[in-house]
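Report on the following structure.
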Amino acid sequence: MKKAVLIPDSFKGTMSSSDICGIMKSRIDARFPGCEVVSIPVADGGEGSVDAFLTALGGEKVWLQVNNPYFEPMEAFYGLIDGGKTAVIEMAACAGLPLVEGRRNPNLTTTYGVGELVLDAARRGVQRIVVGLGGSCTTDGACGAAAAIGVKFYDAAGKSFVPVGGTMKDIAHIDLADSAKALEGITVVAMCDIDNPMYGETGAAYVFGPQKGADPDMVKSLDDGLRHLGEVIKADLGRDLTEVPGGGAAGAMGVGMMAFFGATLQMGIETVLDTVNFDDIISDADVIFTGEGKIDSQSLRGKVVIGVARRAKRQAKPVIAVVGGSDLGMEPAYDEGVKAIFTINRLPQDLSVSKNFSKENLAFVMDNILRMM
24 MKKAVLIPDS
34 FKGTMSSSDI
44 CGIMKSRIDA
54 RFPGCEVVSI
64 PVADGGEGSV
74 DAFLTALGGE
84 KVWLQVNNPY
94 FEPMEAFYGL
104 IDGGKTAVIE
114 MAACAGLPLV
124 EGRRNPNLTT
134 TYGVGELVLD
144 AARRGVQRIV
154 VGLGGSCTTD
164 GACGAAAAIG
174 VKFYDAAGKS
184 FVPVGGTMKD
194 IAHIDLADSA
204 KALEGITVVA
214 MCDIDNPMYG
224 ETGAAYVFGP
234 QKGADPDMVK
244 SLDDGLRHLG
254 EVIKADLGRD
264 LTEVPGGGAA
274 GAMGVGMMAF
284 FGATLQMGIE
294 TVLDTVNFDD
304 IISDADVIFT
314 GEGKIDSQSL
324 RGKVVIGVAR
334 RAKRQAKPVI
344 AVVGGSDLGM
354 EPAYDEGVKA
364 IFTINRLPQD
374 LSVSKNFSKE
384 NLAFVMDNIL
394 RMM
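Set out below in C-alpha coordinates:
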(Lines of atoms letter the chains of each structure in order from A and count residues from 1; the text may use other names and numbers.)
(Lines give C-alpha, C1' and ligand atoms only; values in the text may rest on other atoms or scores of the structure.)
Protein backbone atom coordinates (compact mmCIF):
# COMPACT_ATOMS: atom_id res chain seq x y z
CA MET A 1 0.00 0.00 0.00
CA LYS A 2 1.57 3.25 -1.16
CA LYS A 3 -1.16 5.82 -0.43
CA ALA A 4 -4.11 5.91 1.97
CA VAL A 5 -6.65 8.69 2.37
CA LEU A 6 -8.34 9.15 5.76
CA ILE A 7 -11.63 11.08 5.83
CA PRO A 8 -13.73 10.12 8.88
CA ASP A 9 -16.48 12.05 10.60
CA SER A 10 -16.21 12.43 14.36
CA PHE A 11 -17.59 9.80 16.71
CA LYS A 12 -19.89 12.12 18.64
CA GLY A 13 -19.02 12.31 22.32
CA THR A 14 -15.94 10.09 22.05
CA MET A 15 -13.43 11.10 19.36
CA SER A 16 -12.99 14.05 17.06
CA SER A 17 -12.28 13.51 13.39
CA SER A 18 -8.69 14.64 13.99
CA ASP A 19 -8.31 12.09 16.82
CA ILE A 20 -9.52 9.33 14.50
CA CYS A 21 -7.18 10.37 11.71
CA GLY A 22 -4.27 10.31 14.15
CA ILE A 23 -5.05 6.80 15.38
CA MET A 24 -5.60 5.46 11.86
CA LYS A 25 -2.34 7.01 10.66
CA SER A 26 -0.35 5.57 13.55
CA ARG A 27 -1.51 2.04 12.67
CA ILE A 28 -0.80 2.53 8.96
CA ASP A 29 2.67 3.88 9.75
CA ALA A 30 3.33 0.77 11.84
CA ARG A 31 2.09 -1.77 9.29
CA PHE A 32 3.02 0.00 6.04
CA PRO A 33 6.15 2.11 6.68
CA GLY A 34 6.63 4.68 3.95
CA CYS A 35 2.96 4.74 2.93
CA GLU A 36 1.75 8.24 2.13
CA VAL A 37 -1.17 9.10 4.41
CA VAL A 38 -3.47 12.03 3.61
CA SER A 39 -5.68 13.05 6.53
CA ILE A 40 -8.87 15.03 5.91
CA PRO A 41 -10.73 15.61 9.20
CA VAL A 42 -14.44 16.25 8.65
CA ALA A 43 -16.93 18.32 10.62
CA ASP A 44 -20.62 18.57 9.82
CA GLY A 45 -20.87 22.36 9.76
CA GLY A 46 -21.14 22.80 13.51
CA GLU A 47 -18.47 23.37 16.10
CA GLY A 48 -15.03 22.33 14.86
CA SER A 49 -15.70 22.89 11.15
CA VAL A 50 -13.17 25.70 10.77
CA ASP A 51 -10.44 23.76 12.55
CA ALA A 52 -11.18 20.70 10.41
CA PHE A 53 -10.69 22.66 7.20
CA LEU A 54 -7.55 24.36 8.49
CA THR A 55 -6.10 21.01 9.59
CA ALA A 56 -6.79 19.48 6.19
CA LEU A 57 -5.71 22.41 4.02
CA GLY A 58 -3.71 24.83 6.11
CA GLY A 59 -4.65 28.48 6.23
CA GLU A 60 -5.27 31.25 8.71
CA LYS A 61 -7.72 31.69 11.58
CA VAL A 62 -9.08 35.23 11.74
CA TRP A 63 -10.35 36.59 15.05
CA LEU A 64 -12.60 39.61 15.49
CA GLN A 65 -15.12 41.09 17.88
CA VAL A 66 -18.75 40.46 16.97
CA ASN A 67 -22.12 40.22 18.70
CA ASN A 68 -22.96 37.07 20.61
CA PRO A 69 -26.49 35.57 20.61
CA TYR A 70 -27.67 38.28 23.03
CA PHE A 71 -26.09 41.24 21.19
CA GLU A 72 -23.18 41.29 23.63
CA PRO A 73 -19.58 41.71 22.43
CA MET A 74 -17.47 38.56 22.06
CA GLU A 75 -14.41 37.29 20.21
CA ALA A 76 -15.24 34.93 17.35
CA PHE A 77 -13.36 33.57 14.35
CA TYR A 78 -13.44 32.17 10.86
CA GLY A 79 -10.88 30.49 8.64
CA LEU A 80 -9.17 31.58 5.44
CA ILE A 81 -8.03 28.78 3.12
CA ASP A 82 -7.03 28.40 -0.52
CA GLY A 83 -4.59 31.29 -0.33
CA GLY A 84 -7.23 33.57 1.15
CA LYS A 85 -9.71 32.97 -1.67
CA THR A 86 -12.15 31.00 0.50
CA ALA A 87 -13.52 31.81 3.95
CA VAL A 88 -14.97 29.07 6.16
CA ILE A 89 -17.41 30.17 8.84
CA GLU A 90 -19.14 28.04 11.45
CA MET A 91 -22.23 29.78 12.77
CA ALA A 92 -21.67 28.04 16.12
CA ALA A 93 -18.67 30.33 16.67
CA CYS A 94 -20.98 33.17 17.65
CA ALA A 95 -24.50 31.67 17.65
CA GLY A 96 -23.90 28.22 19.14
CA LEU A 97 -25.72 26.53 22.01
CA PRO A 98 -22.74 26.54 24.42
CA LEU A 99 -22.77 30.35 24.31
CA VAL A 100 -26.19 30.52 25.98
CA GLU A 101 -25.82 27.76 28.56
CA GLY A 102 -28.10 28.58 31.47
CA ARG A 103 -30.13 31.14 29.50
CA ARG A 104 -31.46 29.41 26.40
CA ASN A 105 -34.25 31.37 24.75
CA PRO A 106 -34.69 31.25 20.95
CA ASN A 107 -37.25 34.03 21.22
CA LEU A 108 -34.40 36.43 21.99
CA THR A 109 -31.24 35.05 20.38
CA THR A 110 -29.73 36.33 17.15
CA THR A 111 -27.44 35.28 14.30
CA TYR A 112 -26.23 38.89 13.90
CA GLY A 113 -22.64 37.91 14.71
CA VAL A 114 -22.62 35.38 11.87
CA GLY A 115 -23.39 38.17 9.44
CA GLU A 116 -20.54 40.22 10.90
CA LEU A 117 -18.15 37.33 10.20
CA VAL A 118 -19.44 37.05 6.64
CA LEU A 119 -19.08 40.80 6.09
CA ASP A 120 -15.51 40.85 7.39
CA ALA A 121 -14.55 37.98 5.10
CA ALA A 122 -16.16 39.72 2.13
CA ARG A 123 -14.24 42.91 2.84
CA ARG A 124 -11.00 40.90 2.75
CA GLY A 125 -11.70 40.09 -0.88
CA VAL A 126 -12.55 36.39 -0.69
CA GLN A 127 -14.15 34.77 -3.72
CA ARG A 128 -16.08 32.08 -1.87
CA ILE A 129 -17.67 31.84 1.58
CA VAL A 130 -18.65 28.51 3.13
CA VAL A 131 -21.00 28.80 6.11
CA GLY A 132 -21.53 25.77 8.31
CA LEU A 133 -25.04 25.50 9.71
CA GLY A 134 -25.08 23.47 12.89
CA GLY A 135 -25.26 23.66 16.66
CA SER A 136 -27.27 26.89 16.73
CA CYS A 137 -29.11 28.44 19.65
CA THR A 138 -31.22 30.57 17.32
CA THR A 139 -34.49 30.40 15.41
CA ASP A 140 -34.43 33.73 13.59
CA GLY A 141 -34.37 32.55 9.97
CA ALA A 142 -30.95 34.25 9.58
CA CYS A 143 -32.63 37.65 9.91
CA GLY A 144 -29.95 38.79 12.34
CA ALA A 145 -27.13 37.74 10.02
CA ALA A 146 -28.91 39.44 7.14
CA ALA A 147 -29.28 42.69 9.08
CA ALA A 148 -25.53 42.68 9.73
CA ILE A 149 -24.77 42.76 5.99
CA GLY A 150 -27.30 45.53 5.34
CA VAL A 151 -30.66 43.84 4.74
CA LYS A 152 -33.42 46.07 6.09
CA PHE A 153 -36.45 44.72 7.94
CA TYR A 154 -39.41 47.04 8.53
CA ASP A 155 -42.42 46.70 10.77
CA ALA A 156 -45.97 47.83 9.93
CA ALA A 157 -45.14 51.38 11.03
CA GLY A 158 -42.20 51.56 8.62
CA LYS A 159 -39.59 51.37 11.35
CA SER A 160 -36.49 49.24 10.70
CA PHE A 161 -35.43 46.68 13.30
CA VAL A 162 -33.35 43.52 13.71
CA PRO A 163 -35.75 40.57 14.03
CA VAL A 164 -35.15 37.78 16.51
CA GLY A 165 -37.18 34.62 16.96
CA GLY A 166 -39.93 36.32 18.90
CA THR A 167 -40.30 39.28 16.52
CA MET A 168 -40.27 37.63 13.08
CA LYS A 169 -44.05 38.00 13.18
CA ASP A 170 -43.58 41.80 13.10
CA ILE A 171 -41.78 41.88 9.74
CA ALA A 172 -43.91 43.75 7.21
CA HIS A 173 -41.33 44.44 4.51
CA ILE A 174 -37.81 43.32 3.52
CA ASP A 175 -35.40 45.45 1.47
CA LEU A 176 -32.18 44.00 0.04
CA ALA A 177 -31.01 47.21 -1.66
CA ASP A 178 -28.34 48.17 0.90
CA SER A 179 -26.94 44.63 1.05
CA ALA A 180 -26.66 44.04 -2.68
CA LYS A 181 -23.02 45.15 -2.97
CA ALA A 182 -21.77 43.47 0.22
CA LEU A 183 -21.45 40.06 -1.43
CA GLU A 184 -21.11 41.12 -5.06
CA GLY A 185 -19.08 38.58 -7.01
CA ILE A 186 -18.81 36.19 -4.05
CA THR A 187 -20.13 32.62 -4.14
CA VAL A 188 -21.82 31.61 -0.88
CA VAL A 189 -22.39 27.99 0.09
CA ALA A 190 -24.28 26.93 3.21
CA MET A 191 -23.44 23.42 4.38
CA CYS A 192 -25.98 21.39 6.33
CA ASP A 193 -26.69 17.73 7.01
CA ILE A 194 -30.43 17.76 7.59
CA ASP A 195 -33.35 17.99 5.17
CA ASN A 196 -35.98 19.58 7.42
CA PRO A 197 -38.11 22.31 5.85
CA MET A 198 -38.56 25.82 7.20
CA TYR A 199 -41.65 25.23 9.35
CA GLY A 200 -44.33 22.71 10.25
CA GLU A 201 -44.16 19.55 12.33
CA THR A 202 -40.82 18.57 10.78
CA GLY A 203 -39.55 22.14 10.60
CA ALA A 204 -37.03 24.22 12.50
CA ALA A 205 -39.14 25.18 15.51
CA TYR A 206 -40.90 21.89 16.25
CA VAL A 207 -37.89 19.61 15.73
CA PHE A 208 -35.05 21.72 17.10
CA GLY A 209 -36.74 24.42 19.21
CA PRO A 210 -36.99 22.38 22.43
CA GLN A 211 -33.24 21.73 22.61
CA LYS A 212 -32.72 25.48 22.32
CA GLY A 213 -34.97 26.18 25.31
CA ALA A 214 -38.40 26.55 23.73
CA ASP A 215 -41.43 25.24 25.64
CA PRO A 216 -44.51 24.05 23.66
CA ASP A 217 -46.05 27.54 23.54
CA MET A 218 -42.80 29.08 22.33
CA VAL A 219 -42.38 26.34 19.73
CA LYS A 220 -45.77 27.23 18.27
CA SER A 221 -45.07 30.97 18.27
CA LEU A 222 -41.66 30.43 16.64
CA ASP A 223 -43.26 28.24 13.99
CA ASP A 224 -45.89 30.92 13.35
CA GLY A 225 -43.10 33.49 13.03
CA LEU A 226 -41.26 31.35 10.50
CA ARG A 227 -44.45 30.89 8.49
CA HIS A 228 -44.88 34.65 8.43
CA LEU A 229 -41.25 35.20 7.42
CA GLY A 230 -41.70 32.73 4.59
CA GLU A 231 -44.72 34.65 3.34
CA VAL A 232 -42.87 38.00 3.41
CA ILE A 233 -39.88 36.49 1.58
CA LYS A 234 -42.25 35.20 -1.08
CA ALA A 235 -44.08 38.53 -1.39
CA ASP A 236 -41.05 40.86 -1.33
CA LEU A 237 -38.28 38.73 -2.80
CA GLY A 238 -40.34 36.57 -5.13
CA ARG A 239 -39.01 33.28 -3.78
CA ASP A 240 -40.99 30.48 -2.16
CA LEU A 241 -38.41 28.63 -0.08
CA THR A 242 -40.70 27.18 2.56
CA GLU A 243 -40.46 23.58 1.37
CA VAL A 244 -36.77 23.50 0.44
CA PRO A 245 -35.08 20.45 2.06
CA GLY A 246 -32.57 21.75 4.58
CA GLY A 247 -34.24 25.16 4.77
CA GLY A 248 -35.00 24.49 8.44
CA ALA A 249 -31.35 23.98 9.33
CA ALA A 250 -30.02 26.04 12.24
CA GLY A 251 -33.29 27.73 13.12
CA ALA A 252 -34.27 28.12 9.43
CA MET A 253 -30.96 29.76 8.65
CA GLY A 254 -30.94 27.55 5.59
CA VAL A 255 -33.81 29.52 4.09
CA GLY A 256 -32.32 32.82 5.25
CA MET A 257 -28.96 32.08 3.65
CA MET A 258 -30.69 31.40 0.35
CA ALA A 259 -33.03 34.39 0.53
CA PHE A 260 -30.67 37.06 1.90
CA PHE A 261 -27.19 35.85 0.91
CA GLY A 262 -27.93 34.16 -2.42
CA ALA A 263 -26.42 30.99 -0.99
CA THR A 264 -26.62 27.48 -2.33
CA LEU A 265 -27.59 24.82 0.22
CA GLN A 266 -25.34 21.78 0.02
CA MET A 267 -24.86 18.62 2.05
CA GLY A 268 -21.88 19.14 4.33
CA ILE A 269 -19.80 16.28 2.98
CA GLU A 270 -20.26 17.47 -0.62
CA THR A 271 -18.96 20.89 0.41
CA VAL A 272 -15.97 19.34 2.16
CA LEU A 273 -15.11 17.09 -0.79
CA ASP A 274 -15.29 19.97 -3.25
CA THR A 275 -13.27 22.32 -1.04
CA VAL A 276 -10.41 19.89 -0.38
CA ASN A 277 -10.24 18.74 -4.04
CA PHE A 278 -11.05 15.19 -2.97
CA ASP A 279 -11.36 13.83 -6.50
CA ASP A 280 -7.77 14.80 -7.26
CA ILE A 281 -6.44 13.59 -3.89
CA ILE A 282 -7.79 10.06 -4.35
CA SER A 283 -6.73 9.67 -7.99
CA ASP A 284 -3.61 7.68 -6.99
CA ALA A 285 -4.84 6.30 -3.64
CA ASP A 286 -4.87 2.58 -2.91
CA VAL A 287 -7.56 2.75 -0.23
CA ILE A 288 -9.82 5.26 1.52
CA PHE A 289 -10.75 4.94 5.19
CA THR A 290 -13.85 6.75 6.39
CA GLY A 291 -16.28 6.32 9.28
CA GLU A 292 -18.74 7.81 11.74
CA GLY A 293 -20.11 7.08 15.18
CA LYS A 294 -23.01 5.04 13.85
CA ILE A 295 -23.93 4.06 10.33
CA ASP A 296 -27.70 3.92 9.96
CA SER A 297 -30.58 4.95 7.73
CA GLN A 298 -29.62 8.62 8.13
CA SER A 299 -26.15 7.80 6.81
CA LEU A 300 -27.65 6.33 3.65
CA ARG A 301 -29.21 9.71 2.84
CA GLY A 302 -25.78 11.09 1.97
CA LYS A 303 -23.77 11.88 5.07
CA VAL A 304 -20.01 11.39 5.35
CA VAL A 305 -19.55 7.66 4.68
CA ILE A 306 -21.94 7.52 1.72
CA GLY A 307 -20.82 10.88 0.35
CA VAL A 308 -17.21 9.68 0.34
CA ALA A 309 -18.15 6.31 -1.13
CA ARG A 310 -20.13 7.82 -4.00
CA ARG A 311 -17.21 10.00 -5.04
CA ALA A 312 -14.70 7.17 -4.69
CA LYS A 313 -16.90 4.80 -6.70
CA ARG A 314 -16.49 7.02 -9.76
CA GLN A 315 -12.78 6.18 -9.71
CA ALA A 316 -13.21 2.56 -8.56
CA LYS A 317 -11.35 3.29 -5.31
CA PRO A 318 -12.07 0.94 -2.37
CA VAL A 319 -13.68 2.55 0.67
CA ILE A 320 -13.49 0.95 4.12
CA ALA A 321 -15.84 2.32 6.77
CA VAL A 322 -14.73 2.00 10.39
CA VAL A 323 -17.66 2.90 12.62
CA GLY A 324 -18.72 2.90 16.24
CA GLY A 325 -21.83 0.86 15.51
CA SER A 326 -24.00 -0.27 12.63
CA ASP A 327 -27.73 -0.73 12.23
CA LEU A 328 -29.22 -3.69 10.43
CA GLY A 329 -30.08 -3.20 6.78
CA MET A 330 -26.89 -1.44 5.72
CA GLU A 331 -26.53 -3.51 2.53
CA PRO A 332 -27.37 -0.46 0.35
CA ALA A 333 -24.09 1.09 1.52
CA TYR A 334 -22.21 -1.50 -0.52
CA ASP A 335 -24.13 -0.48 -3.64
CA GLU A 336 -23.02 3.11 -3.03
CA GLY A 337 -19.34 2.16 -3.07
CA VAL A 338 -18.49 1.02 0.47
CA LYS A 339 -16.26 -2.06 0.23
CA ALA A 340 -16.57 -3.15 3.87
CA ILE A 341 -17.90 -1.94 7.24
CA PHE A 342 -16.09 -2.67 10.50
CA THR A 343 -17.40 -1.74 13.96
CA ILE A 344 -14.90 -0.94 16.69
CA ASN A 345 -16.72 -2.32 19.74
CA ARG A 346 -15.08 -5.62 20.68
CA LEU A 347 -17.37 -6.61 23.55
CA PRO A 348 -21.14 -6.46 24.12
CA GLN A 349 -20.94 -3.35 26.28
CA ASP A 350 -23.29 -0.43 26.77
CA LEU A 351 -22.12 2.77 25.09
CA SER A 352 -21.68 4.41 28.50
CA VAL A 353 -18.91 1.85 29.12
CA SER A 354 -17.49 1.22 25.66
CA LYS A 355 -17.06 4.91 24.82
CA ASN A 356 -14.29 5.05 27.43
CA PHE A 357 -12.28 2.60 25.33
CA SER A 358 -13.04 4.03 21.90
CA LYS A 359 -9.46 5.00 21.07
CA GLU A 360 -8.07 1.61 22.07
CA ASN A 361 -10.86 -0.19 20.21
CA LEU A 362 -10.31 1.85 17.05
CA ALA A 363 -6.57 1.15 17.12
CA PHE A 364 -7.25 -2.59 17.59
CA VAL A 365 -9.68 -2.79 14.66
CA MET A 366 -7.47 -0.71 12.35
CA ASP A 367 -4.52 -2.91 13.18
CA ASN A 368 -6.50 -6.03 12.32
CA ILE A 369 -7.75 -4.58 9.04
CA LEU A 370 -4.20 -3.68 8.07
CA ARG A 371 -2.89 -7.11 9.09
CA MET A 372 -5.45 -8.65 6.73
CA MET A 373 -4.46 -6.27 3.95
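Numbering-wise, the sequence shown is residues 24 to 396 according to the working numbering. The beta-carbon is built from N, C-alpha and C at its ideal position, and this holds for glycine as well.
Query raised in the report: Looking at C-alpha atoms only, which residue of Ala165, Ser41, Lys192 is the closest neighbour of Thr134?
Result: Ala165
Query - Counted within 10 angstroms of its Cβ, other Cβ atoms place Ser72 as buried (16 or more) or exposed - result: buried
Query raised in the report: So who's on the other strand from Asn90, going by DSSP bridges?
Result: Pro96
Requested in this report: Take Met191 as the anchor and find which of Gly253, Gln338, Val123 has the nearest alpha-carbon.
Outcome: Gly253
Report task. Measure the C-alpha to C-alpha separation of Gly158 and Cys215 and round it to an integer number of angstroms. Result -> 11 Å
Query raised in the report: So which of Ser202, Leu199, Lys182, Ala203 has the shortest CA-CA distance to Asp193?
Result: Lys182
Query - Rounded straight-line distance, which links the Cα of Ala286 to that of Ala99 - result: 22 Å
Query raised in the report: For the beta strand (DSSP E) that contains Phe184, what are its first and last residues?
Result: That residue, Phe184, is in no beta strand (DSSP E); it is neither H nor E in DSSP.
Query raised in the report: Does the region 167 to 186 touch the region 301 to 314, meaning 3 or more C-beta pairs lie closer than 8 Å?
Result: no
Query - Where the beta strand (DSSP E) containing Met24 begins and where it ends - result: Premise fails: Met24 is in no beta strand (DSSP E) and is neither H nor E.
Requested in this report: Classify Met290 as helix, strand or coil using the three-state DSSP reduction.
Outcome: strand
Report task. Output the distance between the C-alpha atoms of Asn1 and Ile364, rounded to the nearest integer angstrom. Result -> Absent from the structure is residue 1, since the part of the chain shown begins at 24 and ends at 396.
**Report entry** Range of the contiguous beta strand (DSSP E) that encloses Val60
**Finding:** 59 to 62
Query raised in the report: Which whole-angstrom value is the C-beta distance of Ala195 and Gly173, which I expect to be below 8 Å?
Result: In fact, because the Cβ distance is near 18 Å, the residues do not count as touching under 8 Å.
Query raised in the report: Can you give, in chain order, each stretch of the beta strand (DSSP E) that sits fully within the region 293 to 378 and has at least 3 residues?
Result: 310 to 313, 342 to 346, 361 to 366
Query - Contacting residues, own chain, Cβ-Cβ under 7 Å from Val111 (five flanking each side not counted) - result: Ser72, Val73, Phe76, Tyr101, Gly102, Ile104, Val153
Report task. Just mark Glu315 as buried or exposed, buried being the case when its beta carbon has 16 or more other beta carbons within 10 Å. Result -> buried
Query - Run of the alpha helix (DSSP H) containing Tyr135, from where it starts to where it stops - result: 135 to 146
Query raised in the report: Starting from Tyr177 and walking both ways along the beta strand (DSSP E), at which residues does that stretch end?
Result: 175 to 177
Query - Three-state secondary structure assigned by DSSP to Ile217 - result: coil
Requested in this report: Would you kindly report the start and end of the unbroken beta strand (DSSP E) that includes Ile392?
Outcome: Premise fails: Ile392 lies in the alpha helix (DSSP H), 381 to 395, not in any beta strand (DSSP E).
Report task. Identify, in the order they occur along the chain, each residue of the same chain with its Cβ nearer than 6 Å to the Cβ of Ala344, setting aside the five sequence neighbours on each side. Result -> Thr313, Gly314, Val328, Val361, Ile364
Query raised in the report: Using the rule of at least 16 other Cβ atoms within 10 Å of the residue's Cβ for burial, across every protein chain shown, is Asn219 buried or exposed?
Result: buried
Query raised in the report: Can you tell which of Gly68, Ile367, Ile51, Ser381 has its C-alpha closest to the C-alpha of Ile419?
Result: Nothing about residue 419 can be read from this structure; the chain reaches only from 24 to 396.
**Report entry** At least 3 beta-carbon pairs within less than 8 Å: the region 379 to 386 vs the region 32 to 46
**Finding:** yes
Query raised in the report: How should Thr229 be labelled, buried or exposed, when 16 other C-beta atoms within 10 angstroms of its C-beta is the threshold for buried?
Result: Note that residue 229 corresponds to Tyr in the displayed sequence, not to Thr. By the 10 Å Cβ count, Tyr229 comes out buried.
**Report entry** Helix, strand or coil at Glu254 according to DSSP, with G and I counted as helix
**Finding:** helix
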